[in-house]
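Visitor: Can you read through this structure? Questions will come right after.
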Amino acid sequence: MTLDGPQPVEPALAPGVYRALLEQLPEGVVVADAQARLVLTNQRAERLTGIPLSTLLGSDIRETLPLVSPDGRSFWATDNPWDGLHTRSGSPERRMLLPGGHSVLMATRHIRGGAPRRALQWLVLTMRSATVRDRIEAETSALVTTVAHELRAPLGAVRGFSRTLRTRWEQLREDQKRWMLGAIETDAARLQRLVGELLDISRIDTGRLELRRRPVDLAEIVRACVDRLVNNGEDPARFRVVQLVDDVELWGDADRLTQVVSNLLENAVGHGAGKITTTIDVVGDEVRLDIADEGPGIAPEHRSLVFSRFWQAGRRGNGNGLGLFVVQGLAQAHGGHVEVLETEHGATFCVTLPGGVPDHLK
Numbered sequence: 002m003t004l005d006g007p008q009p010v011e012p013a014l015a016p017g018v019y020r021a022l023l024e025q026l027p028e029g030v031v032v033a034d035a036q037a038r039l040v041l042t043n044q045r046a047e048r049l050t051g052i053p054l055s056t057l058l059g060s061d062i063r064e065t066l067p068l069v070s071p072d073g074r075s076f077w078a079t080d081n082p083w084d085g086l087h088t089r090s091g092s093p094e095r096r097m098l099l100p101g102g103h104s105v106l107m108a109t110r111h112i113r114g115g116a117p118r119r120a121l122q123w124l125v126l127t128m129r130s131a132t133v134r135d136r137i138e139a140e141t142s143a144l145v146t147t148v149a150h151e152l153r154a155p156l157g158a159v160r161g162f163s164r165t166l167r168t169r170w171e172q173l174r175e176d177q178k179r180w181m182l183g184a185i186e187t188d189a190a191r192l193q194r195l196v197g198e199l200l201d202i203s204r205i206d207t208g209r210l211e212l213r214r215r216p217v218d219l220a221e222i223v224r225a226c227v228d229r230l231v232n233n234g235e236d237p238a239r240f241r242v243v244q245l246v247d248d249v250e251l252w253g254d255a256d257r258l259t260q261v262v263s264n265l266l267e268n269a270v271g272h273g274a275g276k277i278t279t280t281i282d283v284v285g286d287e288v289r290l291d292i293a294d295e296g297p298g299i300a301p302e303h304r305s306l307v308f309s310r311f312w313q314a315g316r317r318g319n320g321n322g323l324g325l326f327v328v329q330g331l332a333q334a335h336g337g338h339v340e341v342l343e344t345e346h347g348a349t350f351c352v353t354l355p356g357g358v359p360d361h362l363k
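Each step along the sequence shown adds one to the number in my numbering, with nothing skipped, and position 287 is 288.
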């Protein structure tokens, strides 16, 4: 019986093709044979290990790569691929250390012969930089520390006031009850805001932030944010709103833009007792919002860091260091950006957003 049409053929690739494919891999690759001799590697592995592996082909891989776990145990002694059960197919990724301070995340794959012995024929080591994982672990640790710190005070206050109200209700005066209930409400709002910021950070990091765009009145948003601060006890004389043009055409998510303005105004309120000036202008095709305070300002060396997660250095206040990071993410989601301007006194944050009607609605 014959089959119509061309039959699939296993391509015979030239050695140069295999080499090119190997060099295109994002991971470092090292291969040893049944006698533990180094037979193949790529440039990525040399960069990760700091060892000129291509000049050491034929050497004993156990001596060429003296891998040690973080607790000081030799990988080759504790996980000898040429010994042990013949059913082993490899080892999962783990952190390994090399001389010179190099740290890599390494996994192995065992390529074995057929039954019955299934002897190890080839050992393939893949490795990648531990830098990204270290950064993620450091950020996770900082996040946990920050969240724990931010939760401790309001939760303690809510618990304490709740217990006092429950156990001493009859003994407390009405004004004391109202004050404690107000404190509970304030701390609950603080917790709600922290949770909201954390959710926003997650959406920003994963690209899942959704915007409900419509025509918005930026001046109205600014005035509403100022009114809220005044209702919370701030002196209305501190705030000045300047709109340099009458017609500001802006499409955006009103709730998210309110969040941007609110965060920047609260940041200004917390950094000095002077006036806070908000200026709305149109420059070319862009809408520009400047919020300037008369506080101590931001040192030049810190201006590139202010929008980093958890940044608080050089600025007073009890913020958690998340607000400006969220502001940057929301501005970028609108197709704009935010920056700190160079000023002689105080700090000025400038938000620039695309103006006009979106192209798909024209």
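For every residue, glycine included, the Cβ atom is placed at its ideal position computed from N, Cα and C.
(1) So R118 is in the beta strand (DSSP E); what residue range does that whole segment cover?
(2) Pull up the DSSP beta-bridge partners for H111, would you.
(3) Would T79 be called buried (16 or more neighbouring beta carbons within 10 Å of its own) or exposed?
(4) Who does A33 pair with in a DSSP beta bridge?
(5) Given this structure, state the Cα-to-Cα distance separating L41 from R209, to the nearest angstrom.
(6) Closest to V223 by C-alpha separation, out of R96, P297, I277, would be which residue?
(7) Assign S90 to one of three DSSP states: helix, strand, or coil.
(8) Under three-state DSSP, which class holds Q172?
(9) Considering only residues of the same chain and omitting the five flanking positions on each side of I205, which have a CB-CB separation below 6 Å?
(10) Mapping the DSSP letters down to three states, classify H346 as helix, strand or coil.
(11) Return the Cβ separation of R1 and A37 in integer angstroms, given the expectation that the two are a contact with Cβ distance under 8 Å.
(12) When DSSP builds the beta bridges, which residues end up paired with F76?
(13) Can you check which of these residues, H87, W123, Q260, V243, is closest to R229 by C-alpha distance?
(14) DSSP three-state label for G357, please.
(15) Please determine if the segment 120-130 and the segment 25-36 are in contact, where contact requires at least 3 C-beta pairs separated by less than 8 Å.
(16) So what's R214 in DSSP terms, helix, strand or just coil?
(17) In the DSSP assignment, what are the bridge partners of H103?
(18) Between which two residues does the alpha helix (DSSP H) harbouring A293 extend?
(19) Note the first and the last residue of the continuous alpha helix (DSSP H) segment covering V327.
(20) Would you call V32 buried or exposed, if buried means 16 or more other Cβ atoms sit within 10 Å of its Cβ?
(21) Can you list, in chain order, the residues of its chain with a C-beta nearer than 7 Å to that of C226? Leave out the 5 residues immediately preceding and following it.
(22) Express the C-alpha separation of G253 and G364 in angstroms, rounding to a whole number.
(23) Could you check where the alpha helix (DSSP H) with I222 kicks off and where it finishes?
(24) Tell me, which residues are paired with V339 by DSSP?
(25) Mind the definition here: the segment 54-70 touches the segment 95-109 only if three or more C-beta pairs lie below 8 Å; say whether that holds.
(26) What first and last residue would you give for the alpha helix (DSSP H) that runs through T259?
(27) Among residues of its own chain, excluding the 5 on either side of L192, which ones have a beta-carbon nearer than 6 Å to its beta-carbon?
Guide: Straight from the coordinates:
(1) Taking the sequence shown and counting its residues from 1, one reaches residue 118 at position 117. In this chain, R118 is not harboured by any beta strand (DSSP E), its DSSP state being neither H nor E.
(2) The residue you call residue 111 lines up with position 110 of the sequence shown. For H111, DSSP records a beta bridge to L124.
(3) Numbered from its first residue, the sequence shown carries residue 79 at position 78. An exposed status is given to T79, since fewer than 16 other beta-carbon atoms sit within 10 Å of its beta-carbon.
(4) Your numbering for residue 33 matches position 32 in the sequence shown. A33 has L39, L124 as its beta-bridge partners, per DSSP.
(5) Translated into positions along the sequence shown, residue 41 becomes position 40. Translated into positions along the sequence shown, residue 209 becomes position 208. One alpha carbon belongs to L41, the other to R209, and they sit about 42 Å apart.
(6) Locating residue 223 in the sequence shown gives position 222, counting from the first residue. With distances taken between Cα atoms, V223 lies closest to I277.
(7) Taking the sequence shown and counting its residues from 1, one reaches residue 90 at position 89. DSSP places S90 outside both helix and strand once states are collapsed to three, so it counts as coil.
(8) For the purposes of this step, residue 172 is identified with residue 171 of the sequence shown, where counting begins at 1. Note: Q172 maps to coil in three-state DSSP.
(9) Along the sequence shown, read from residue 1 onward, the residue named residue 205 stands at position 204. So the qualifying residues of the chain are G330.
(10) As a working note, residue 346 is residue 345 in the sequence shown. H346 falls in the coil class under three-state DSSP.
(11) Nothing can be reported for residue 1, as the shown portion of the chain is limited to 2 through 363.
(12) Residue numbering aside, residue 76 sits at position 75 when the sequence shown is read from its first letter. Residue pairing of F76 in beta bridges, as defined by DSSP: absent, with no partner found.
(13) Locating residue 229 in the sequence shown gives position 228, where the first residue counts as 1. Selected option, being the one with the closest Cα: Q260.
(14) Counted from its first residue, the sequence shown places residue 357 at position 356. G357 falls in the coil class under three-state DSSP.
(15) Result yes; three or more Cβ-Cβ pairs closer than 8 Å.
(16) The sequence position of residue 214 within the sequence shown is 213, counting from 1. R214 falls in the coil class under three-state DSSP.
(17) Stepping through the sequence shown from its first residue, residue 103 is reached at position 102. Answer is L99.
(18) As a first step, residue 293 is located in the sequence shown; it is residue number 292 there, counting from the start. In the DSSP assignment, A293 falls outside any alpha helix (DSSP H) and lies within the beta strand (DSSP E) extending over 287-293.
(19) Locating residue 327 in the sequence shown gives position 326, counting from the first residue. Following the DSSP letters along the chain, one finds V327 inside the alpha helix (DSSP H) bounded by residues 324-334.
(20) To locate residue 32, count along the sequence shown from 1; it is residue 31. By the 10 Å Cβ count, V32 comes out buried.
(21) In the sequence shown, counting from the first residue as 1, residue 226 sits at position 225. Hits under 7 Å: T259, V262, S263, L266.
(22) Examination of residue 364 is not possible in this model, given that the chain is present from 2 through 363 alone.
(23) Numbered from 1 along the sequence shown, position 221 holds the residue referred to as residue 222. From DSSP, the alpha helix (DSSP H) with I222 extends over 219-232.
(24) To locate residue 339, count along the sequence shown from 1; it is residue 338. As computed with DSSP, V339 is found in a beta bridge with V352.
(25) In this structure the segment 54-70 lies against the segment 95-109, because at least three pairs of beta carbons, one per stretch, are closer than 8 Å.
(26) Residue mapping note: residue 259 aligns to position 258 of the sequence shown, counting from 1. Counted as a single uninterrupted DSSP element, the alpha helix (DSSP H) harbouring T259 occupies residues 255-270.
(27) Numbered from its first residue, the sequence shown carries residue 192 at position 191. Shown here for L192: same chain residues with a beta carbon closer than 6 Å to its own, the five before and five after excluded, namely P155 in chain order.
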